[in-house]
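Take the sequence shown: its letters are residues 727 to 977, numbered as in this note's numbering.
From the three backbone atoms N, C-alpha and C, an ideal C-beta is built for every residue, glycine too.
So the structure is just underneath, and the comments pick up after that.
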Amino acid sequence: MPFTWRVQFQLSVDLKEHQASSPDCLWVGERRVPLAFVRHPRARRYVLRLRRNGVARVTIPRGGSMAAGKAFAERQTAWVERQLQRLNAQPGVPTPWQNGSEILLRGQVVRLEVGPDSSPGIICLGDESIRLADSRLDLRSVIQQHLRGLAHRELPPRVMELAALHHLVIRRVSVRNQKTRWGSCSRRGTVSLNWRLIQAPVFVRDYVILHELMHMRQMNHSSRFWRQVEQVCPDYKAAELWLKQHPGLLN
Numbered sequence: 727m728p729f730t731w732r733v734q735f736q737l738s739v740d741l742k743e744h745q746a747s748s749p750d751c752l753w754v755g756e757r758r759v760p761l762a763f764v765r766h767p768r769a770r771r772y773v774l775r776l777r778r779n780g781v782a783r784v785t786i787p788r789g790g791s792m793a794a795g796k797a798f799a800e801r802q803t804a805w806v807e808r809q810l811q812r813l814n815a816q817p818g819v820p821t822p823w824q825n826g827s828e829i830l831l832r833g834q835v836v837r838l839e840v841g842p843d844s845s846p847g848i849i850c851l852g853d854e855s856i857r858l859a860d861s862r863l864d865l866r867s868v869i870q871q872h873l874r875g876l877a878h879r880e881l882p883p884r885v886m887e888l889a890a891l892h893h894l895v896i897r898r899v900s901v902r903n904q905k906t907r908w909g910s911c912s913r914r915g916t917v918s919l920n921w922r923l924i925q926a927p928v929f930v931r932d933y934v935i936l937h938e939l940m941h942m943r944q945m946n947h948s949s950r951f952w953r954q955v956e957q958v959c960p961d962y963k964a965a966e967l968w969l970k971q972h973p974g975l976l977n
């Protein structure tokens with residue numbers, strides 16, 4: 727009897743998992759979503775859930791297989807992307823940015839200095855100085871605007887530099903406010919990058935750029951694509967690990 731399919735969005739903690747497999751991954755655009763498989767003796771259908779921690783979990787029914795479960799998940803990438811956007815958009819209590827707050831900048835933790843310890847109308851962010859046009863402006867928006875400015879100045883030239891190094895022609899580079907991905911690349915040679923990459927270490931930033939550039943040669947995530955990534959970025963796994971350890975940056 728053929729299995730029926732059902733997709734369910736679940737943010738709550740699930741019931742006890744049975745016989746979980748080693749984690750795999752699901753590519754949603756340019757975002758690598760951890761994928762886990764669970765066999766449940768009473769399950770009658772394949773079920774895909776996106777958990778609050780960003781892991782996509784596939785329940786495999788009796789008689790089912792991991793291969794069929796992964797194929798099912800791969801057909802639901804549009805749904806997963808919508809749920810990731812929904813998850814990122816959920817209201818929460820943002821960490822207040824104030825004097826003494828710590829923020830990542832180029833992979834280093836820097837401290838905000840605001841008020842008596844800095845000059846009037848000046849915010850110190852590590853070695854960066856930001857002049858306030860209006861002291862009533864929200865501190866978070868001021869810092870984010872500054873970080874975006876840095877990203878616009880630093881990321882596009884680096885894309886062009888790496889593209890030239892690998893004999894690739896890029897027509898346009900855009901820096902955007904993406905919520906679910908670090909970057910993307912079109913067949914026409916347009917590379918889009920998330921402005922939050924300015925907060926990542928240089929080797930991570932370069933990996934994301936090289937990842938997108940390699941899509942000019944291979945518009946997929948096949949084994950051939952990953953061999954090309956490894957050739958131009960031997961430490962790409964360390965960069966991916968860093969991104970996995972800092973998922974909050976996308977928020």
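- A direct Cα-Cα distance of roughly 18 Å separates residue 870 from residue 906.
- When only Cα atoms are considered, residue 835 and residue 938 end up about 27 Å apart.
- Less than 7 Å divides the Cβ of residue 950 from the Cβ of residue 944.
- Secondary structure in the region 743–800: the beta strand (DSSP E) runs of 3 residues or longer, each lying completely within the stretch, are 750–754, 757–765, 772–776 and 782–786 in chain order.
- Nearest C-alpha to residue 922 among 942, 935, 760 and 908: 908.
- As summarised for the region 863–938, the continuous beta strand (DSSP E) elements at least 3 residues long and confined to that stretch are 898–902, 909–911 and 916–920, given in chain order.
- Exposure of residue 771 is indicated by the presence of fewer than 16 other C-beta atoms within 10 angstroms of its C-beta.
- Between the region 796–812 and the region 881–896 there are fewer than three inter-stretch CB-CB distances shorter than 8 Å, so the stretches are not counted as touching.
- Residue 960 is classed as exposed because its beta carbon has fewer than 16 other beta carbons within 10 Å across all chains shown.
- Residue 872 and residue 830 have their C-alpha atoms some 13 Å from each other.
- For residue 834, the enclosing beta strand (DSSP E) has its first and last residue at 834–839.
- Here the alpha carbons of residue 768 and residue 754 stand approximately 29 Å from one another.
- 833 is the residue among 773, 919, 920 and 833 whose C-alpha sits nearest the C-alpha of residue 965.
- When the Cα atoms are used, residue 955 and residue 936 turn out to be separated by approximately 7 Å.
- Looking only at 932, 946 and 784, the smallest Cα-Cα distance to residue 912 is reached by 946.
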